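Colleague:
Numbering (the working numbering), first residue to last: 1118 to 1372.
#1: Here's the rule I'm using: 16 or more other beta-carbon atoms within 10 Å means buried, otherwise exposed. How should residue 1323 be labelled?
#2: Count the other CB atoms, across all protein chains shown, that sit within 10 Å of the CB of residue 1209; report buried if there are 16 or more and exposed otherwise.
#3: Considering only the beta carbon of each residue, do residue 1204 and residue 1242 sit closer than 9 Å?
#4: Would you kindly work out how many angstroms separate the C-alpha atoms of residue 1181 and residue 1269, rounded to a whole number?
#5: Quick one: using the 10 Å Cβ neighbour count with 16 as the cut-off for buried, is residue 1175 buried or exposed?
#6: Could you pull out every residue in the same chain whose Cβ sits closer than 8 Å to the Cβ of residue 1331, ignoring the five residues on either side in sequence?
#7: For residue 1142 versus residue 1335, is the C-beta distance shorter than 9 Å?
#8: Using alpha carbons as the reference points, say which of 1230, 1302 and 1293 lies closest to residue 1345.
#9: Residue 1168 and residue 1194: beta carbons closer than 9 Å?
#10: May I ask which residues mark the beginning and end of the beta strand (DSSP E) holding residue 1235?
#11: If I follow the unbroken beta strand (DSSP E) through residue 1305, where does it start and stop?
#12: Taking the alpha carbon of residue 1287 as the point to measure from, which residue in 1280, 1281 and 1276 has its own alpha carbon closest?
#13: If you draw a straight line from the alpha carbon of residue 1161 to that of residue 1235, how long is it in whole angstroms?
#14: Between which two residues does the beta strand (DSSP E) containing residue 1179 stretch?
#15: Take residue 1216 as the anchor and find which of 1237, 1227 and 1149 has the nearest alpha-carbon.
#16: Taking the continuous beta strand (DSSP E) assigned at residue 1105, which residues delimit it?
#17: Taking residue 1271 as the reference, which of 1350, 1301, 1291 and 1240 has the closest Cα?
#18: So for residue 1291, helix, strand or coil by DSSP?
#19: With which residues is residue 1345 paired in a DSSP beta bridge?
#20: Does DSSP put residue 1260 in a helix, in a strand, or in coil?
#21: Measuring CB to CB, does residue 1366 end up less than 9 Å from residue 1350?
#22: Going straight from the alpha carbon of residue 1066 to that of residue 1309, what length do you get?
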């Protein structure tokens, strides 16, 4: 059933394009960096030149600062074994990190990774991004939640639609030039979302990014983790237990 679902999702994402449909993008790999195979990647973001990553799995969930060039973990704090870590984002020197099914979010000081505060929310936590004023949270459904970072109170929700139909499995998030980019779980795709209407305005096809020789059967998992470098206008992407992290530029495809 999972294989059938996978191809249904891909059929929706990469179906025949029409003039009014989302812009389709491919990619060009600019650089390849090592990535820790023990990282079940859930969140990925830059703060200046510093790269941060949050990871999942019960008993293995962590927040890390990572050296981009070597893949070395420079700093790390772990969540209690009862929490499954999810997406993360930074707000004015504080790092927010979600948990999957525990209804708990955590705020850490980015300087020393000390836990400063915890928050409660309803439902699941998946991805997290920051638009400069508001945290944006995904929960595996077609909805995005907009959260006040001071109180973690929900301000509004937005239903994401692809070709007029709700698009579920929105996962890792990144805020890029006034739009939300979301990894769609179980696909090698990112979607670009209008934060006012919820419409998907672009689809990034990342199939073929990790070559077969780099995959370990039963271990290497799906694409997840997207960070953006605004100065260079490039993306950094990886996946769960992937041995590599890729610096890429997007290329608009001719339909």
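We treat Cβ as the ideally placed atom computed from N, Cα and C, and that holds for glycine. Quantities reported herein were computed from a predicted structural model and do not represent experimental measurements.
Modeller: Once the coordinates are examined:
#1: Numbered from its first residue, the chain shown carries residue 1323 at position 206. By the neighbour-count rule (16 or more Cβ atoms within 10 Å), residue 1323 is buried.
#2: Taking the chain shown and counting its residues from 1, one reaches residue 1209 at position 92. Result: exposed.
#3: To locate residue 1204, count along the chain shown from 1; it is residue 87. To locate residue 1242, count along the chain shown from 1; it is residue 125. Yes, Cβ-Cβ distance for residue 1204 and residue 1242 is below 9 Å.
#4: Translated into positions along the chain shown, residue 1181 becomes position 64. Translated into positions along the chain shown, residue 1269 becomes position 152. Computed Cα separation, rounded: 22 Å.
#5: As a working note, residue 1175 is residue 58 in the chain shown. The residue in question, residue 1175, is exposed, as its Cβ has fewer than 16 Cβ neighbours within 10 Å.
#6: On the chain shown, position 214 is the one that residue 1331 refers to. So the list reads 1337, 1359, 1360 and 1361, once near-sequence residues are dropped.
#7: Counted from its first residue, the chain shown places residue 1142 at position 25. Counted from its first residue, the chain shown places residue 1335 at position 218. Cβ atoms of residue 1142 and residue 1335: not closer than 9 Å.
#8: Locating residue 1345 in the chain shown gives position 228, where the first residue counts as 1. Minimum Cα distance to residue 1345 is reached at 1293.
#9: As a working note, residue 1168 is residue 51 in the chain shown. As a working note, residue 1194 is residue 77 in the chain shown. Cβ distance not < 9 Å, so residue 1168 and residue 1194 don't count as in contact.
#10: Sequence index remark: in the chain shown, residue 1235 carries index 118 (1-based). Per DSSP, residue 1235 belongs to the beta strand (DSSP E) from 1232-1237.
#11: Mapped onto the chain shown, residue 1305 falls at position 188. Segment: none, residue 1305 is in no beta strand (DSSP E) and carries neither H nor E.
#12: Numbered from 1 along the chain shown, position 170 holds the residue referred to as residue 1287. Ranking 1280, 1281 and 1276 by Cα distance to residue 1287 puts 1276 first.
#13: Numbered from its first residue, the chain shown carries residue 1161 at position 44. Numbered from its first residue, the chain shown carries residue 1235 at position 118. Going by the C-alpha atoms only, they are around 20 Å apart.
#14: Counting from one through the chain shown, the residue named residue 1179 turns up at place 62. From DSSP, the beta strand (DSSP E) with residue 1179 extends over 1179-1183.
#15: On the chain shown, residue 1216 is found 99 positions in, with the first residue counted as 1. Answer by Cα proximity: 1237.
#16: With the chain covering only 1118 through 1372, there is no way to say anything about residue 1105.
#17: What you label residue 1271 is simply residue 154 of the chain shown in a count that begins at 1. Residue 1271 has its Cα closest to that of 1240, out of 1350, 1301, 1291 and 1240.
#18: Start at 1 with the first residue of the chain shown, and residue 1291 comes out as number 174. Of the three classes helix, strand and coil, the one that applies to residue 1291 here is strand, per DSSP.
#19: Your numbering for residue 1345 matches position 228 in the chain shown. DSSP output for residue 1345 lists 1352 as bridge partner(s).
#20: The residue given as residue 1260 occupies position 143 in the chain shown. Residue 1260 falls in the strand class under three-state DSSP.
#21: In the chain shown, counting from the first residue as 1, residue 1366 sits at position 249. In the chain shown, counting from the first residue as 1, residue 1350 sits at position 233. In this structure, residue 1350 lies closer than 9 Å to residue 1366 by Cβ.
#22: Nothing can be reported for residue 1066: it is not among the residues displayed for the chain, which extend from 1118 to 1372.
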